[in-house]
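Visitor:
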Amino acid sequence: MNTVCKRMAAWLCLALAGHAPLASAQVSPPTRCIVPAKAGGGFDLTCQLARGAWQPAGPELAMAYQPGGIGALVYRELTRPASAPAAERPSAAAGGPALVAWSSGTLLNLAQGRFGRYHPGTLHWVAALALDHGVVAVHRDAPWRDLPALLAALKANPSAVSFAAGGTIGSQDWMKAALLARAAGVSHKAMRVVAFEGGGDAVKALQGRHVQVLCGDAAELTRQLRDGLPLRVLAVLSDHRLSGPLAGVPTAREQGVDVSWPILRGVYAGPLTPAATAADWGRTLRAHAAREDTLLAMRQLGLAPLALDGPALAQRVEDEIVRWRDLARGFGLVAATPP
């Protein structure tokens, strides 16, 4: 784990320490939270928020980093038939009951069929923990001081502005960049996008000035700024200004750019997890997300409270997938056929 991740883990553990047990005595808690990307991004943050939900009565969740297609590898392992050979169900399906971090980017990929076949009921959507938002960031020494200036430069010379994305074409970072390009009057086909395996590597690329712009996420950028990274956030892609260190950053809409990007953050479980167990985990996590110490930790990261589980969350997920499918089609991307 890199230095930034260690600091983040230590800070969150301190912020969330000492609360009462929440889990049912009849149901075993999960043993791991799988981060389906490299360390340092939004999935990492999600597992950090969830890992203390069963303490002090139960264990702290172990963190397991399993990058591959921004979640595709873990999804495919967990959803393979139980009859599949053990060799085809390696890391994600072994090692005890697990939660897997997901975000709206996961739902966007499912909507495009990028993870393979999906239908309602494929997974247990255990809990949503918080609402994050997209941000537009540049290096601290970049010439652009606000979003209109960046979009003017993009319109004047699209090939001179490169975007970092935690994912490939069709990922949520790519979509945010495509929406900004559209707002600038530039075709998304003219964008220069450099793909990375997760937000952590994308931030490093911006820090090293290998790219000019990152359409990332507020929470991951907030903790990077706290650690002194030389970045400047030009806009938050939300309806209202955020709490925490980014409270002074204007929204895109305040700057005349009608783009917003809310991001659900939560955890799911694979189909081999009993439904009753997943439901119990969801109740525990919803209570954990509503605690004052957890809410404080979220606010300090610019996250908005949003604790959902059970049928309400399942319906929210399916509604989101429909919305993302329509957005993907609007950019000429292949969308999965609805089940």
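Each residue of the sequence shown is one higher than the one before, counting from 5 in my numbering. Where is the CB? At the ideal position from N, CA and C, for every residue including glycine.
1. Around the C-beta of GLU296, are 16 or more other C-beta atoms found within 10 angstroms, so that it is buried, or is it exposed?
2. Short check: CB of HIS128 to CB of ALA222, under 8 Å?
3. Mark LYS193 as exposed unless 16 or more other C-beta atoms lie within 10 angstroms of its C-beta, in which case mark it buried.
4. Roughly how many angstroms lie between the CA atoms of ASP330 and SER166, to the nearest whole one?
5. Which stretch, first to last residue, makes up the beta strand (DSSP E) that contains HIS214?
6. Three or more C-beta pairs closer than 8 Å, one from the region 154-170 and one from the region 206-216: is that the case here?
7. Which of the three DSSP states is assigned to TRP106 in this structure?
8. My guess is that VAL347 and VAL130 are in contact by the Cβ rule of under 8 Å, so how many angstroms apart are they, rounded?
9. List the DSSP bridge partners of LEU241.
10. Going by beta-carbon coordinates alone, are GLY117 and ARG36 separated by less than 8 Å?
11. In the DSSP assignment, the alpha helix (DSSP H) including MET67 goes from what residue to what residue?
12. Between the alpha carbons of ALA61 and PRO249, how many angstroms are there, rounded?
13. Assuming VAL201 contacts ILE325 under a Cβ cut-off of 8 Å, what Cβ separation, rounded to an integer in Å, is found between them?
14. Return the CA-CA distance between ALA43 and ALA280, expressed in angstroms with no decimal places.
15. Assign TYR272 to one of three DSSP states: helix, strand, or coil.
16. Please report the straight-line C-alpha distance between ALA187 and SER175, rounded to a whole angstrom.
Guide: So, to answer that:
1. Your numbering for residue 296 matches position 292 in the sequence shown. Answer is exposed; the Cβ neighbour count stays below 16.
2. For the purposes of this step, residue 128 is taken as residue 124 along the sequence shown, with counting starting at 1. For the purposes of this step, residue 222 is taken as residue 218 along the sequence shown, with counting starting at 1. Between HIS128 and ALA222, the gap from beta carbon to beta carbon reaches 8 Å or more.
3. In the sequence shown, counting from the first residue as 1, residue 193 sits at position 189. By the 10 Å Cβ count, LYS193 comes out exposed.
4. The sequence position of residue 330 within the sequence shown is 326, counting from 1. The sequence position of residue 166 within the sequence shown is 162, counting from 1. If you take the alpha carbons of ASP330 and SER166, they lie about 26 Å apart.
5. Here residue 214 refers to the residue found at position 210 of the sequence shown. Element bounds for HIS214: n/a, residue is neither H nor E.
6. Enough Cβ pairs lie closer than 8 Å, so yes.
7. The sequence position of residue 106 within the sequence shown is 102, counting from 1. TRP106: strand per DSSP, three-state reduction.
8. In the structure displayed, the chain extends from 5 to 343; residue 347 sits before or after that span and is not available.
9. Residue 241 sits at position 237 when you count from the first residue of the sequence shown. DSSP lists GLY138 as partners of LEU241.
10. Position 113 of the sequence shown, counted from the start, is the residue given in the question as residue 117. Position 32 of the sequence shown, counted from the start, is the residue given in the question as residue 36. Contact: no.
11. Translated into the one-based positions of the sequence shown, residue 67 becomes position 63. Premise fails: MET67 lies in the beta strand (DSSP E), 66-69, not in any alpha helix (DSSP H).
12. As a position in the sequence shown, residue 61 is number 57, starting the count at 1. As a position in the sequence shown, residue 249 is number 245, starting the count at 1. Roughly 33 Å separates the two Cα atoms.
13. Stepping through the sequence shown from its first residue, residue 201 is reached at position 197. Stepping through the sequence shown from its first residue, residue 325 is reached at position 321. Residue identity differs from the one stated: residue 201 is Glu in this sequence, not Val. The Cβ separation is near 23 Å, so there is no contact.
14. Sequence index remark: in the sequence shown, residue 43 carries index 39 (1-based). Sequence index remark: in the sequence shown, residue 280 carries index 276 (1-based). Distance between the alpha carbons of ALA43 and ALA280: 31 Å.
15. As a working note, residue 272 is residue 268 in the sequence shown. Under the three-state reduction of DSSP, TYR272 is assigned to strand.
16. The sequence position of residue 187 within the sequence shown is 183, counting from 1. The sequence position of residue 175 within the sequence shown is 171, counting from 1. Looking at the two C-alpha atoms, the distance is approximately 18 Å.
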